[in-house]
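Per full-length UniProt numbering, the very first residue in the sequence shown carries number 1; after that it's consecutive. Where is the CB? At the ideal position from N, CA and C, for every residue including glycine.
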Amino acid sequence: MYRVFVPLDTDMDRAMKQVAYVSALPCASEAVEAVLAHSLSDEERSAPSDMQRVDRVDTVKAAQEQLAEADITVDTVALSSPPSEGILSRLTEAGSDEVVLGGRKRSPTEKAILGSVTQTVILNATIPVTVTGGE
Numbered sequence: 001m002y003r004v005f006v007p008l009d010t011d012m013d014r015a016m017k018q019v020a021y022v023s024a025l026p027c028a029s030e031a032v033e034a035v036l037a038h039s040l041s042d043e044e045r046s047a048p049s050d051m052q053r054v055d056r057v058d059t060v061k062a063a064q065e066q067l068a069e070a071d072i073t074v075d076t077v078a079l080s081s082p083p084s085e086g087i088l089s090r091l092t093e094a095g096s097d098e099v100v101l102g103g104r105k106r107s108p109t110e111k112a113i114l115g116s117v118t119q120t121v122i123l124n125a126t127i128p129v130t131v132t133g134g135e
C-alpha cells in the first residue's frame with residue numbers, strides 16, 4: 001500500500017486540491033492509503049475537550065468524504081504545534097511514502113516574518129514532497 005500523508009489547514013480550496021491529487025494517483029482506489037492530519041489552532045484547542053478532534057475540522061471531514069467516495073482508505077491524526085514540526089515528526093511515525101501539501105502564494109516578506117510550513121517541510125522531509133497549487 002502506498003501511504004500518502006496529507007496535512008490540512010482550514011482552507012477548503014487547498015484541501016480539495018490536495019484531495020484531487022491523491023485521488024488521481026495511479027490505482028488510487030486499490031493501492032493508496034491517505035493519512036489526513038491537522039494541527040489544532042489555539043481557538044480549536046479552547047473548545048471543550050470532546051470537541052478537540054481532528055475529524056471535526058471541516059476540511060478534514062470534506063477530505064474524508066471525497067477520498068471515501070474514491071474508495072481510498074483514510075486515517076486521521078492530530079499534529080503537534082508548530083505545524084511544520086508536527087508534520088515532520090509524524091511522517092516517520094506514519095510510515096508515509098509521500099507528503100502532499102497545499103501551497104499558497106506568499107511574498108518574500110511574509111515568508112520571512114511568518115515562516116513557511118511548506119518551505120520547512122520541503123527542506124527537511126526525507127520522503128518526496130508534492131505541493132498542490134496555491135492562489
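Residue environment, residue i, which counts as buried when at least 16 other CB atoms sit within 10 Å
i                 : result
serine 81         : exposed
threonine 132     : buried
alanine 63        : buried
glutamate 65      : exposed
proline 7         : buried
proline 83        : buried
phenylalanine 118 : It is threonine, not phenylalanine, that sits at residue 118 in the sequence shown. Buried, since its Cβ has 16 or more Cβ neighbours within 10 Å.
threonine 76      : buried
glycine 95        : exposed
serine 89         : exposed
glutamate 93      : exposed
threonine 59      : buried
leucine 123       : exposed
Opening and closing residue of the alpha helix (DSSP H) in which residue i lies
i            : result
aspartate 13 : 12–23
Boundaries (first-last residue) of the beta strand (DSSP E) holding residue i
i          : result
proline 26 : Careful: proline 26 lies outside any beta strand (DSSP E) and carries neither H nor E.
Could you give the uninterrupted runs of the beta strand (DSSP E) lying entirely in the UniProt domain "UspA" (31–131), keeping only those of 3 residues or more?
-> 32–39, 73–79, 98–102
Give a yes or no on contact between the segment 70–78 and the segment 29–40, applying the rule of three or more CB pairs nearer than 8 angstroms.
-> yes
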